[in-house]
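Following: one structure in structure tokens, then a few remarks.
2 protein chains.
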Amino acid sequence: MLEDRIHTFTATKIVQQIRDQKLSAEKVARACLNRIFERESAVQAWQYIDPALVIRQAQALDQGPFKGALHGVPVGIKDIIDTVDMPTTYGTQIHAGHQPNKDAACVALTRRAGGIIVGKTVSTEFANQHPGKTMHPMDPSRTPGGSSSGSAAAVGDGMVPLAIGTQTTGSTIRPAAYNGCFGYRPTWGDFRMTGVMEAAGSFDTLGLIARSIEDIALHRHVLLGGTSEAQAVSSCQPPRVGVCRTQFWDKSDHATKSAIESCAQAMAKSGAMVTDLKLSADFDSIEQTHQRVSSFEFSRNRAWELDNHFDEISQILRENRLKHGAECRFEQYRKARKHCEDLRLQLDDVFRDFDVILTPSAPGVAPIGLNATGSYSFSSIWTACHTPSMTLPLFSGDNALPIGVQLVTKRDADDYLFAVSSWTCGLFER
Amino acid sequence: MLEDRIHTFTATKIVQQIRDQKLSAEKVARACLNRIFERESAVQAWQYIDPALVIRQAQALDQGPFKGALHGVPVGIKDIIDTVDMPTTYGTQIHAGHQPNKDAACVALTRRAGGIIVGKTVSTEFANQHPGKTMHPMDPSRTPGGSSSGSAAAVGDGMVPLAIGTQTTGSTIRPAAYNGCFGYRPTWGDFRMTGVMEAAGSFDTLGLIARSIEDIALHRHVLLGGTSEAQAVSSCQPPRVGVCRTQFWDKSDHATKSAIESCAQAMAKSGAMVTDLKLSADFDSIEQTHQRVSSFEFSRNRAWELDNHFDEISQILRENRLKHGAECRFEQYRKARKHCEDLRLQLDDVFRDFDVILTPSAPGVAPIGLNATGSYSFSSIWTACHTPSMTLPLFSGDNALPIGVQLVTKRDADDYLFAVSSWTCGLFER
Numbered sequence: 001m002l003e004d005r006i007h008t009f010t011a012t013k014i015v016q017q018i019r020d021q022k023l024s025a026e027k028v029a030r031a032c033l034n035r036i037f038e039r040e041s042a043v044q045a046w047q048y049i050d051p052a053l054v055i056r057q058a059q060a061l062d063q064g065p066f067k068g069a070l071h072g073v074p075v076g077i078k079d080i081i082d083t084v085d086m087p088t089t090y091g092t093q094i095h096a097g098h099q100p101n102k103d104a105a106c107v108a109l110t111r112r113a114g115g116i117i118v119g120k121t122v123s124t125e126f127a128n129q130h131p132g133k134t135m136h137p138m139d140p141s142r143t144p145g146g147s148s149s150g151s152a153a154a155v156g157d158g159m160v161p162l163a164i165g166t167q168t169t170g171s172t173i174r175p176a177a178y179n180g181c182f183g184y185r186p187t188w189g190d191f192r193m194t195g196v197m198e199a200a201g202s203f204d205t206l207g208l209i210a211r212s213i214e215d216i217a218l219h220r221h222v223l224l225g226g227t228s229e230a231q232a233v234s235s236c237q238p239p240r241v242g243v244c245r246t247q248f249w250d251k252s253d254h255a256t257k258s259a260i261e262s263c264a265q266a267m268a269k270s271g272a273m274v275t276d277l278k279l280s281a282d283f284d285s286i287e288q289t290h291q292r293v294s295s296f297e298f299s300r301n302r303a304w305e306l307d308n309h310f311d312e313i314s315q316i317l318r319e320n321r322l323k324h325g326a327e328c329r330f331e332q333y334r335k336a337r338k339h340c341e342d343l344r345l346q347l348d349d350v351f352r353d354f355d356v357i358l359t360p361s362a363p364g365v366a367p368i369g370l371n372a373t374g375s376y377s378f379s380s381i382w383t384a385c386h387t388p389s390m391t392l393p394l395f396s397g398d399n400a401l402p403i404g405v406q407l408v409t410k411r412d413a414d415d416y417l418f419a420v421s422s423w424t425c426g427l428f429e430r
Numbered sequence: 431m432l433e434d435r436i437h438t439f440t441a442t443k444i445v446q447q448i449r450d451q452k453l454s455a456e457k458v459a460r461a462c463l464n465r466i467f468e469r470e471s472a473v474q475a476w477q478y479i480d481p482a483l484v485i486r487q488a489q490a491l492d493q494g495p496f497k498g499a500l501h502g503v504p505v506g507i508k509d510i511i512d513t514v515d516m517p518t519t520y521g522t523q524i525h526a527g528h529q530p531n532k533d534a535a536c537v538a539l540t541r542r543a544g545g546i547i548v549g550k551t552v553s554t555e556f557a558n559q560h561p562g563k564t565m566h567p568m569d570p571s572r573t574p575g576g577s578s579s580g581s582a583a584a585v586g587d588g589m590v591p592l593a594i595g596t597q598t599t600g601s602t603i604r605p606a607a608y609n610g611c612f613g614y615r616p617t618w619g620d621f622r623m624t625g626v627m628e629a630a631g632s633f634d635t636l637g638l639i640a641r642s643i644e645d646i647a648l649h650r651h652v653l654l655g656g657t658s659e660a661q662a663v664s665s666c667q668p669p670r671v672g673v674c675r676t677q678f679w680d681k682s683d684h685a686t687k688s689a690i691e692s693c694a695q696a697m698a699k700s701g702a703m704v705t706d707l708k709l710s711a712d713f714d715s716i717e718q719t720h721q722r723v724s725s726f727e728f729s730r731n732r733a734w735e736l737d738n739h740f741d742e743i744s745q746i747l748r749e750n751r752l753k754h755g756a757e758c759r760f761e762q763y764r765k766a767r768k769h770c771e772d773l774r775l776q777l778d779d780v781f782r783d784f785d786v787i788l789t790p791s792a793p794g795v796a797p798i799g800l801n802a803t804g805s806y807s808f809s810s811i812w813t814a815c816h817t818p819s820m821t822l823p824l825f826s827g828d829n830a831l832p833i834g835v836q837l838v839t840k841r842d843a844d845d846y847l848f849a850v851s852s853w854t855c856g857l858f859e860r
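Chain order of the listed sequences is A and B. FYI, in my numbering the residues of the first sequence are 1 to 430. FYI, in my numbering the residues of the second sequence are 431 to 860.
So, in structure tokens, the structure goes:
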């Protein structure tokens, strides 16, 4: 019976059971591979997977000493992140079959701690708008979100307990929410980006997707280069909560609004000081500002592909982001970048009065249609401001599809973000 | 007679003469190649060069329409920057023969504007301490500086008019100064880093090395994605100059001190308001702070090489930077990073009273010995503070070896940096 559920275990549980010799890395790997075989045709989460290579990694771990905090944990890697033993295609046929000559830093650090790289998860084209092949695990007519589409679908569907994605706008928080996962976007700058395709360096971070907050804290510890055991997620006092509906509130559906209200009520009932937070008018244009900065950077980062493979770039990417980016003059870009810097300092001040911001993760459940990946609006503010955030899979909407709520803390307060996320989840455990 | 000097032309002059049909791209390329053939055994500036490929690029330009602001200009590319048609080895035998599958953004943008990629210039190991094979063009017993060793030596020795380097501490300013070149470190964040090896993302920028300020302004324009002609370098009023001797003043030799004093005097004589600038005590530990941040990031970025090729890493890199970085805990790193952020804001305030800072580029002329690349102290402050800076090749010291003076302006004032650099050089023209 237990064996049937191994693929649903958290990373923390897997490591514990391997340490206790109740499980082997190979057994875990086979459980995940079985789940993938069973479900992949319906989900299409993987850009590349070589089961024999997965088994070999697991067997090597079983034959060696205990390696580290992720010993035996299967991990999915977004396909814009380089791997030395698997092709990396950045979500585009332009780079089909491309084999990097080394692992990205985050992949090497994951392996150093004993993680098993299961395969490459589907990314949208260059981690941008144009979707890959992945379908929502609960409804193939719906998007799994993007751009970390395969990473979120794989974790959500029980294929792997951990996956690395990235976020430049809302590319981790949104798909994690759609797929009923925990999704974490770190303080900008904490994780090294060697071997990760740059979309827009001013905003790019890795994003972690998992089944528990503890697992995210564990993986973060490893990616920061931690060698000893990860510290347990701390507990915290009832926080001062700012409920931030944002200028995008009217875009969100009934279930999302009601999730935020329910969460706020539960927090207040447990002693949190919950008040409404309205950001200053300076934040009104942040989505446009964010897009200006990221399009400018993105279009220059794709100079080689633009000049050598223009026809192989999707029409939507060419006519939107790349065109807008190319048309943006440096002075406009610099002004927009400065606006983001000013807002970061302003948000630092907001956090004098609040410990955490509660806000939607997305406007609703995963939308129908596979030609787009849903709205990133509820992430763009926080991404532009470099703050850490976490989506918690606490609610559901139409057709029992998942709805996340997003918690945001000030920059550099990632440990506290985990604590307050854990406190919040505790309110909903029976 | 003219033909003998083509290899010493500025980029601006080359483009103009090609437009005026006084020169062909092929003629320019051959002139540079001839200079390289003649001098390379003594200088060893190039990690990779394929003369036939250079000629083919030039001929293609001559046969096509006028391509852009760098039409026909030979450019050297530091070997930590990816090129689709030449190997990229990051200064280490670990990556010997590695062939990237695309151009870095800066390479693609240079080609888009008509630049000819001549070859890969020698980098120290992973753009760090351990030197490559390059020798100082004026004295083979001396270092050319590093880490952009080959880029600076190639421009300084008349092999190419432009080269791209990088700077994480003092890797462009120092070698440019040693080799009698103009060297420019941009405001952090302006140039995209796709395809450039990350050393320490919090400080990494490209660095441009050239024979004139105009050439640097031209190349910058291209790397920002500019398609029309570059604007001419502006003129400026006599500036308010802060002479910043820094805590490293006592490390600098007589010729360097006297270069700074002479430059300050010349500026004052021409109407500049020149005063001494002493930074607050908060800046005293900036070198250590910079090293803490960059070592933490560098060591995590090299996770794959550490875990797979440890024995092929130089002893000095393993026992210094990588060891220090590995030993640095995340909390220490974050504190150091925050210190840099605070100093940036403090330096913004300093620039309310000054238009430009005058400070040494290095403690002296290129030192004797090929087992090290000289001191980066006079760059670490400005690199940590994200300000743009330029070294001007206006002076000389022992054995007529070049001495640069460094100008620094506030962040985002790169255009003004060019103007005030040009004004300063004007004072020394007869």
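All C-beta atoms, glycine included, are put in the ideal place defined by N, C-alpha and C. Fair warning: this is a prediction, and the values are worked out from it, not measured in the lab.
Using a Cβ cut-off of 7 Å (strictly closer), state whether residue i contacts chain A.
i	result
H769(B)	no
L539(B)	yes
M431(B)	Caution applies to M431(B), whose pLDDT of 46 falls short of 50 and renders its modelled position unreliable; the value that the coordinates give is listed next. So, not an interface residue.
T518(B)	no
D533(B)	yes
T803(B)	no
R542(B)	yes
F760(B)	yes
E727(B)	yes
D737(B)	yes
W734(B)	yes
For a quick check, are the C-beta atoms of residue i and residue j less than 7 Å apart?
i	j	result
V324(A)	S295(A)	Looking at the sequence itself, residue 324(A) is His, so the reference to Val does not match. The answer is yes: Cβ separation under 7 Å.
G156(A)	P137(A)	yes
H720(B)	R774(B)	no
R730(B)	A264(A)	no
I213(A)	S421(A)	yes
A230(A)	A69(A)	yes
E125(A)	T92(A)	yes
I94(A)	E287(A)	no
A25(A)	G72(A)	yes
Using DSSP bridges, identify the partner residues of residue i.
i	result
W46(A)	T121(A)
R240(A)	M273(A)
D139(A)	H136(A)
Q487(B)	Answer by DSSP bridge pairing: none, since Q487(B) is not bridged.
Y520(B)	None, per the DSSP bridge assignment.
V405(A)	P360(A), L392(A)
I516(A)	One cannot answer for residue 516(A) here, as it falls past the ends of chain A, which runs 1 to 430.
Determine the chain A residues that contact residue i at a beta-carbon separation under 9 Å, and present them in chain order.
i	result
S632(B)	G189
Using a Cβ-Cβ distance cut-off of 7 Å, determine whether residue i contacts chain B.
i	result
L224(A)	yes
D20(A)	no
D79(A)	no
N301(A)	yes
H98(A)	yes
D415(A)	no
Which residues of chain A have a Cβ atom closer than 7 Å to the Cβ of residue i, listed in chain order?
i	result
E749(B)	Near E749(B) there are no residues of chain A at all, since even the closest Cβ is about 18 Å away, more than 7 Å.
M623(B)	E198, G201
E757(B)	Here the premise fails: no neighbours, minimum Cβ distance about 10 Å.
What residues from chain B crowd round residue i, counting only those whose CB sits closer than 8 Å?
i	result
H95(A)	N531, K532
D4(A)	Near D4(A) there are no residues of chain B at all, since even the closest Cβ is about 35 Å away, more than 8 Å.
Kindly list, in the order they appear in chain B, the residues whose Cβ is closer than 7 Å to that of residue i.
i	result
R334(A)	D842
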